[in-house]
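Worksheet: the structure to be examined is printed underneath.
In the numbering used here, the protein residues as written are 207 to 732.
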């Protein structure tokens, strides 16, 4: 017998935090013993992966301990002597736990070209990738040593996004960023699950066109050194390094269909840079935030929207910094495609080159000159996020509501306002019928918050047990049945016999014509 039902998960949730105010952040040393870290990410578990510019990737646990043996070492393949060259980006496949695929972006030792390649996890050691498993997806020639981009990320759509700089020098002398037949100065989008070695998503804006490269998703970028996706909403945030005056944050809502032109080299930020290249470009999209090179600023390091649960005052803010000054800013929504900005101050001058997110949504940042990783925290560490989430669509008894997890958190679920036993597991089973659910979360400082309640109608989950004879004579009919429940749908499958009557009901009559036979039933509560 078989039981088949499908759950569709949507973002149906309740979150309760205090009224948003400007966050007050702190940076604390988290990990040391690293060399020129440029990127930090996770693979869907509690490990962090620190990308070292020279060609090695190290694992860091959530206590800040660094493994001595690299997770991946491709140093011989990587040209890293240039200031903006090296192993620059890492992204794990959305199904990494199953397929073990990871993707890197590096400048090649032999010719300084940008290489985007896939590697595989060692099937015998989860803390090791196979350096000889390389599958090269893309090779893009670089005319100069700078403006290589380097950041790669999987979007919420499952496609791989690749940020490409304009090829370098200064002022984009060959106007690559506006050339539709060049990968340089673009945001690319490819399908790593189809095609050889990759495919072009049919939803790419220039798919099937001959006058524009089909990989292009957006254009007019100078050097999108770091970009990220909002883990909750799916919006894209790009930190695009400026020329000599302005650094910019570009924004793309999750519903975007691409083909956005961010303006370089016609514009630097909101200012005209090279008016002679502006003719015929159509609509240009200005940044949602920019800052000048005053006060020691020189180069933006794009960040993340904070979606962790430890620090409620930071929740929903996009954090961004400058490489030279160490100044941080926070952006928060103020209407469609509009954001308020807050100057959070200067936090040393460690040449912050990349931010990263752990499995819990907590944020970290790499100091290029200090060779350390720092955790970004809130000065107020007593306002955890209480967020309860339900599966959408049809919800059955035994499915789960859950709280967004925080490291070391305790969860007390309430069913119809009755507290259940506190637990470390952020999941709680749905009961049959209409019930209310909320959750109280308590962090490691013993600070708590409680979510608002959500109401869920937990439907009776089918659990059919077939009754009937296990032996029967050939040519003789036999009756088989499961519990009859009003409104349920019954679909029977028989081998070695024929269904005489009852298909679609809880009971069928079978005429056996073979010495071996099977009966399956799929019961659905619509």
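All C-beta atoms in this analysis are idealised placements derived from N, C-alpha and C, irrespective of residue type, glycine included.
Between which two residues does the alpha helix (DSSP H) holding residue 305 run?
302 to 305
Among 585, 355, 435, 425, nearest to residue 322 - alpha-carbon criterion:
355
Proximity winner among 513, 540, 561, 293, relative to residue 528 (alpha-carbon distances):
561
Alpha-carbon to alpha-carbon, residue 254 and residue 247:
6 Å
Checking 8 Å against the spacing of the C-beta atoms, do residue 401 and residue 371 come in under that value?
no
If residue 433 sits next to residue 369, beta carbons under 8 Å apart, how far is it from one beta carbon to the other, in whole angstroms?
5 Å
Segment limits, beta strand (DSSP E) that includes residue 293:
293 to 298
Using DSSP's beta-bridge definition, name the partner residues of residue 383.
Looking at the DSSP assignment, residue 383 forms no beta bridge with any residue, so it has no partner.
Is DSSP giving residue 519 helix, strand or coil here?
helix
Helix, strand or coil, according to DSSP, for residue 319 in the structure here?
coil
Cβ-based burial, residue 610 [other Cβ within 10 Å; buried from 16]
buried
Check whether the Cβ atoms of residue 483 and residue 384 lie closer than 8 Å to each other.
yes
Under the rule that 16 or more other beta-carbon atoms within 10 Å means buried, what is residue 216, buried or exposed?
Model confidence at residue 216 stands at a pLDDT of 32, short of 50, so the residue's coordinates are unreliable; what they give is reported in the following sentence. Exposed: under 16 other Cβ atoms inside 10 Å.
Of all the options 631, 293, 643, 633, which has the alpha carbon lying nearest to the alpha carbon of residue 624?
643
Collapsed DSSP secondary structure at residue 331 in the structure displayed
strand
Collapsed DSSP secondary structure at residue 500 in the structure displayed:
helix
Look at the alpha carbon of residue 682 and the alpha carbon of residue 674, and state the distance between them as a whole number of angstroms.
14 Å
Grab me the residues of residue 224's own chain with a C-beta within less than 6 Å of its C-beta, minus the 5 sequence neighbours each way, in chain order.
Confidence is the limiting factor: at residue 224 the pLDDT is only 38, short of 50, which leaves the residue's position unreliable, though a coordinate-based value still follows. Hits under 6 Å: none found.
Supposed close pair residue 524, residue 511 - CB separation, criterion 8 Å:
5 Å
Local conformation of residue 417 per DSSP, three classes
coil
Cα separation between residue 540 and residue 665?
40 Å
CA-to-CA distance, residue 333 to residue 209, given in whole angstroms
Residue placement at residue 209 is flagged as unreliable, the pLDDT there being 29, under the threshold of 50; the coordinate-derived value follows with that caveat. Approximately 37 Å, taken between the alpha carbons.
Limits of the beta strand (DSSP E) - the one that residue 406 falls within
No beta strand (DSSP E) holds residue 406; DSSP gives it neither H nor E.
What residue range is occupied by the uninterrupted beta strand (DSSP E) comprising residue 692?
No beta strand (DSSP E) holds residue 692; DSSP gives it neither H nor E.
Segments of 3+ residues assigned as beta strand (DSSP E) that fall wholly inside the segment 233 to 299:
243 to 248, 254 to 258, 262 to 266, 293 to 298
CB-CB length for residue 441 against residue 430, believed under 8 Å
Their Cβ separation, rounded to whole angstroms, is 15 Å, which puts residue 441 and residue 430 out of contact at 8 Å.
Can you give the Cα-Cα distance for residue 552 and residue 616, rounded to whole angstroms?
34 Å
Kindly indicate the opening and closing residues of the beta strand (DSSP E) around residue 422.
422 to 425
Ordered along the chain, which non-local residues of its own chain (more than five positions away) have a Cβ less than 8 Å from that of residue 336?
325, 326, 327, 328
Would you call the CB atoms of residue 451 and residue 602 closer than 8 Å?
no
Ordered list of alpha helix (DSSP H) runs contained in the segment 447 to 504, each at least 4 residues
none
Cβ-based neighbour list, residue 207, same chain, cut-off 7 Å, excluding 5 preceding and 5 following:
The predicted model places residue 207 with a pLDDT of 24, which falls under 50 and marks its position as unreliable; any figure quoted below should be read in that light. If we look at residue 207 and ignore the five residues flanking it on each side, its Cβ neighbours are 670, 672, 726, 727.
Please tell me whether residue 548 and residue 532 are closer than 8 Å, where the distance is taken between their beta carbons.
no
As assigned by DSSP and simplified to three states, the class of residue 711
coil
By Cβ distance below 8 Å, which residues in the same chain neighbour residue 319 in space, the five residues on each side in sequence not counted?
313, 345, 346, 347, 348
Could you pull the DSSP bridge partners for residue 602 from this structure?
665
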